[in-house]
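*Asks:* Provided herewith is a single structure, encoded as structure tokens, for subsequent inquiry.
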Amino acid sequence: MQPLLKVDGVTLQYRVGEKLVTATYRVSFDVLKSDRFVLLGPSGCGKSTLLKAVGGYHAPAEGRIVLNGKAVSGPGPDRIFVFQEFDQLLPWKTVTENIVFALTASGKLARVQALERAASYVEKVNLTEFAHAYPHTLSGGMKQRAAIARAMAMEPDILLMDEPFAALDALTRVRMQEELLQLWEDTKFTVLFVTHSIPEAIRVGNRIALLSPHPGQLKAEVNSPTDEARVQELLFGGAHA
Amino acid sequence: MPERPEIFHDIAPRTDVVAQPLSTWQRIYASAAARKAVLLVVLALVWEVYARRLNNPLLFPSFSSTVSALFESLSSGEIPRAAGYTLLLLIKGYSAGLLLAGLLTALAAATRWGSDLLEILTSMFNPLPSIALLPLALIWFGLGDGSIIFVLVHAVVWVVALNTFAGFRAVSPTLRMVGQNYGLSRPGYIARILIPGAFPSILTGLKVGWAFCWRTLIAAELVFGVSSGSGGLGWFIFERKNQLLIPDVFAGLLTVIVFGLLVENLIFGTIERRTVRRWGMQN
Ligand SMILES: Nc1ncnc2c1ncn2[C@@H]1O[C@H](COP(=O)(O)OP(=O)(O)OP(=O)(O)O)[C@@H](O)[C@H]1O
Ligand SMILES: [Mg+2]
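Heads up: the protein sequence lines correspond to chains A and B, in order.
Letter 116 of the first sequence, counting from 1, is numbered 116 in my numbering, and no numbers are missing.
My numbering runs 241 ahead of the 1-based position in the second sequence.
Here you go:
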């Protein structure tokens with residue numbers, strides 16, 4: 001099967017003053033269609049940077065990122081981001097209008113069809129009651145649901161999620177993970193999901209890439225569901241590396 | 242420690258208490274307009290009582306005589322004519338200033354050179370009181386509206402450009418990335434992400450710019466009116482002072498104040514309520 005996304009020997013660096021800081025070093029992996037591919041690693045290992053590179057916000061110093069056979073060269077609506085931050089919704093637009101904005105600004109749909117699609121995705125994430133609420137009147141979990149609805153309504157080739165549930169309380173977090181899996185059952189979208197929580201990686205992913213601490217290097221790729229202790233051992237025990 | 246039993250409550254879902262309407266009193270009490278109206282009445286009363294005890298209409302006329310002078314000048318058409326003249330100048334100067342500020346900010350948002358230019362120009366000219374440019378403007382543009390519009394533009398442009406650009410820069414990186422993610426063009430990005438994202442700051446610039454503009458205009462008319470006799474509110478005040486019609490002077494000042502309050506509360510207040518407050522970007 002031809003991979004949807006190919007990350008091939010990617011090194012990512014930041015210039016900090018006079019120095020080059022390496023965030024990830026020669027990372028390679030393939031994401032297939034309908035994968036729930038998780039990037040798991042300790043804080044600071046370059047997961048967010050890697051995701052931003054796939055998003056086209058950060059050019060690799062080395063290696064290539066190829067989506068659908070075309071090299072990624074900048075941000076675009078074929079890869080939609082869901083961020084960790086609650087302020088990713090446009091505060092001047094209601095939940096529905098946020099989704100309509102995404103669909104029309106990208107030239108994907110005309111306004112009338114965009115409204116229809118927005119309504120159906122708002123319903124999918126159980127926000128119908130708040131369809132016309134402004135983001136500042138929503139709870140954190142509801143904001144993330146709205147952001148997920150906006151991203152999914154775009155029906156992109158791949159969803160890029162950077163710890164979308166990290167700022168939520170534990171109860172809400174588990175519920176959101178379950179809801180995400182239900183949504184996946186619906187449309188079988190492809191998602192690249194970043195987290196530093198082992199239980200979350202196991203619950204959400206069907207395949208997990210384990211990254212070493214700073215600079216991030218690929219340690220292993222395992223299938224999920226798997227055993228927490230095994231992942232722990234692979235991540236922190238040096239023996240299997 | 243005594244042994245305590247565990248407690249379980251049978252609760253029915255009470256969706257009715259989740260969103261309750263406010264009572265009439267709560268609504269009046271919460272309304273800033275109601276509170277301000279009460280304060281205005283109190284201030285007017287204090288003025289009236291003080292002026293009556295002072296009993297010197299030439300120095301400090303009472304509220305009631307000011308109001309009756311105001312009604313006389315209103316019905317004779319003098320104040321409406323003067324206010325209309327001032328307003329027209331104000332609109333001309335303010336909109337020209339906004340236009341120039343828009344151009345400067347667009348330049349600053351587009352290139353590094355543009356933002357450096359804006360920085361240099363604002364740090365040079367912003368501290369300069371506009372009215373100080375009037376003598377120079379009179380030499381350049383002569384005795385006419387041109388000179389006044391020139392100083393008004395100066396009063397508006399720097400503060401609006403500065404606030405707009407600072408607002409652009411303060412738009413969060415997340416929102417910027419969201420804007421880029423959906424493939425907006427450069428003008429689309431400015432219009433649909435940067436401007437609404439910077440709106441609290443832009444609105445502040447517009448308000449402060451308006452206040453500068455209004456004050457500069459009245460002051461300029463007071464000075465400028467001396468030599469030309471054009472018919473604005475500032476001139477009205479100046480002329481009545483020369484004729485020792487002090488209640489009329491107060492009526493003119495009151496008009497200036499009322500006008501300022503109206504614009505601040507009706508126009509800017511409405512914009513604020515419909516935008517940044519509704520969006521939760523400002524409390
Ligand atoms: N804007 C930046 N400028 C310079 N260095 C950066 C920048 N962003 C990240 N880094 C560096 O790159 C490395 C990887 O950062 P990144 O944010 O990708 O980590 P992460 O794996 O997402 O961590 P976390 O789980 O805490 O979010 C870090 O060591 C950090 O110091
Ligand atoms: Mg991160």
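For each residue, glycine too, the CB sits at the ideal point set by N, CA and C.
1. Would you decide whether B/Met365 is buried or exposed? Buried here means 16 or more other CB atoms lie within 10 Å of its CB.
2. Do you know whose CA, among A/Lys124, A/Asp30, A/Val10, lies nearest A/Gly69's CA?
3. DSSP state of A/Val222, grouped into three classes?
4. For a contact defined as C-beta to C-beta under 7 Å, what are the partners of A/Glu85 on chain B?
5. Indicate whether at least one CB of chain B lies closer than 8 Å to the CB of A/His196.
6. Return no unless some Cβ of chain A is closer than 8 Å to the Cβ of B/Gly521.
7. Run down chain B in chain order and give the residues with a C-beta less than 8 Å from the C-beta of A/Pro75.
8. How is B/Glu319 classed by DSSP in three states: helix, strand or coil?
9. To the nearest angstrom, how far is the alpha carbon of B/Thr445 from that of B/Arg268?
10. Since B/Gly510 meets chain A, which of its residues come closer than 9 Å, beta carbon to beta carbon?
11. At a Cβ cut of 8 Å, what residues of the region 133-146 of chain A count as close to chain B, listed as they run along the chain?
12. Roughly how many angstroms lie between the CA atoms of A/Phe83 and A/Glu178, to the nearest whole one?
13. Measuring only the C-alpha atoms, how far is B/Val412 from B/Arg322?
14. Any heavy atom of ligand 1 closer than 7 Å to the Cβ of A/Ser212?
15. If you measure from the beta carbon of B/Pro321 to each beta carbon in chain A, is any gap under 8 Å?
16. Counting only beta-carbon atoms, is A/Trp92 nearer than 8 Å to chain B?
17. Which residues in chain B sit within 7 Å of A/Tyr57, going by Cβ to Cβ distance?
18. To the nearest angstrom, report how far apart A/Pro60 and B/Ala460 are at their CA atoms.
19. Would you call A/Pro118 buried or exposed, if buried means 16 or more other Cβ atoms sit within 10 Å of its Cβ?
20. Just to confirm, are B/Thr415 and A/Gln232 a CB contact at a threshold of 8 Å?
21. Find the residues of chain B that neighbour A/Ile80, judging by a C-beta separation of less than 9 Å, and give them in chain order.
22. Classify B/Thr265 as helix, strand or coil using the three-state DSSP reduction.
23. Thinking C-beta only, is A/Gly9 closer than 8 Å to A/Ser28?
24. Hey, is the region 46-65 of chain A in contact with the region 249-260 of chain B, meaning 3+ C-beta pairs nearer than 8 Å?
25. Using 10 angstroms around the beta-carbon of B/Asp257, count the other beta-carbons present and answer buried if the total reaches 16, otherwise exposed.
*Replies:* Walking through what the data contain:
1. Exposed, because fewer than 16 other Cβ atoms sit within 10 Å of the Cβ of B/Met365.
2. The shortest C-alpha separation from A/Gly69 is found at A/Asp30.
3. Of the three classes helix, strand and coil, the one that applies to A/Val222 here is strand, per DSSP.
4. When 7 Å is used as the limit between beta carbons, A/Glu85 is near these residues of chain B: Thr415, in chain order.
5. No, A/His196 lies away from the interface with chain B (no Cβ there is under 8 Å from its Cβ).
6. Interface residue, yes.
7. Within chain B, the residues Met418, Gln421, Asn422, Gly424 have their CB atoms less than 8 Å from the CB of A/Pro75, given in chain order.
8. The answer is helix: DSSP assigns B/Glu319 an H, G or I state.
9. Taking the Cα positions, B/Thr445 is about 27 Å away from B/Arg268.
10. Those do not exist, as B/Gly510 stays about 18 Å from chain A at its closest Cβ, beyond 9 Å.
11. If you check each beta-carbon in the region 133-146 of chain A against every beta-carbon of chain B, the ones closer than 8 Å belong to Tyr134, Pro135, His136, Thr137.
12. Cα to Cα, the separation comes out at about 18 Å.
13. Pairing B/Val412 with B/Arg322, the inter-Cα distance amounts to about 44 Å.
14. Between ligand 1 and the CB of A/Ser212, the shortest heavy atom gap is not smaller than 7 Å.
15. Taking 8 Å as the CB threshold, B/Pro321 stays off the interface with chain A.
16. Closer than 8 Å to some Cβ of chain B, the Cβ of A/Trp92 qualifies, so yes.
17. Result: Met418.
18. Their Cα atoms are separated by approximately 60 Å.
19. For the record, residue 118 of chain A in the displayed sequence is Ala; it is not Pro. Burial is judged here by how many other beta carbons sit within 10 angstroms of a residue's own beta carbon; A/Ala118 has at least 16 and is buried.
20. For B/Thr415 and A/Gln232, no; Cβs fall outside 8 Å.
21. Residues of chain B passing the Cβ test: Asn422, Tyr423.
22. Of the three classes helix, strand and coil, the one that applies to B/Thr265 here is helix, per DSSP.
23. Yes, Cβ-Cβ distance for A/Ser28 and A/Gly9 is below 8 Å.
24. No, the region 46-65 of chain A does not touch the region 249-260 of chain B.
25. Around the beta-carbon of B/Asp257, fewer than 16 other beta-carbon atoms lie within 10 Å, marking it exposed.
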